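As structure tokens, the structure follows; a few thoughts come after it.
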Amino acid sequence: MRRHVHHIQRVEDSVGIIAWILIGLLAGAIAKLLLPGKDPGGIIVTMLIGIVGGLLGGWLGKVIFGVDSIDGFFDLSTWIAAIVGSLILLVLYRLFTGDRRSHRHA
Numbered sequence: 044m045r046r047h048v049h050h051i052q053r054v055e056d057s058v059g060i061i062a063w064i065l066i067g068l069l070a071g072a073i074a075k076l077l078l079p080g081k082d083p084g085g086i087i088v089t090m091l092i093g094i095v096g097g098l099l100g101g102w103l104g105k106v107i108f109g110v111d112s113i114d115g116f117f118d119l120s121t122w123i124a125a126i127v128g129s130l131i132l133l134v135l136y137r138l139f140t141g142d143r144r145s146h147r148h149a
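Here our numbering = 1-based position in the sequence shown + 43.
Structure (structure tokens):
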């Protein structure tokens with residue numbers, strides 16, 4: 044019986060990780076729509092920012108507000124946290140990489 048319970052928990056954890064990756068990808072796309080502009084790295088970097096931003100948003104929601112923002116894939120708090128986290132990371136990314144592109148010489 045214990046093996047069965049552990050197997051179910053591993054499957055749920057795997058589904059949770061996949062769900063957060065999907066949420067992060069979509070949150071990154073939404074963040075990009077809210078903050079349009081050219082970013083170095085293109086779509087790959089935007090996707091990575093979305094994934095990490097989604098996780099950051101979930102963590103910040105829990106630490107700052109004491110809210111478990113990863114209650115479910117379809118909960119509004121999950122999506123708000125992921126989008127806010129993605130927006131924060133996108134702004135930080137632009138701050139740290141924006142000046143490098145403008146100072147290059149041909």
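Glycine residues also receive a C-beta, built at the ideal position from the N, C-alpha and C atoms.
Please read these numbers as outputs of a predicted model, since none were measured by experiment.
Worksheet item: Exposed or buried, VAL127, counting other C-beta atoms within 10 Å across all chains shown (16 or more means buried)?
Response: buried
Worksheet item: Taking the alpha-carbon positions, what's the LYS105 to TRP63 distance?
Response: 15 Å
Worksheet item: Can you tell me the Cα-Cα spacing of ILE176 and GLY85, whole angstroms?
Response: Here the chain covers residues 44 to 149 and nothing more, so residue 176 does not appear.
Practice prompt. Please classify LYS75: is it buried, with 16 or more other beta-carbons within 10 angstroms of its beta-carbon, or exposed?
Written response: buried
Discussion item. By the three-class DSSP mapping on this structure, what secondary structure does LEU65 have?
Written reply: helix
Worksheet entry | Beta-carbon spacing of LEU78, LEU130 below 8 Å | yes
Worksheet item: Would a C-beta distance cut-off of 8 Å place THR121 and ILE73 closer than the cut-off?
Response: no
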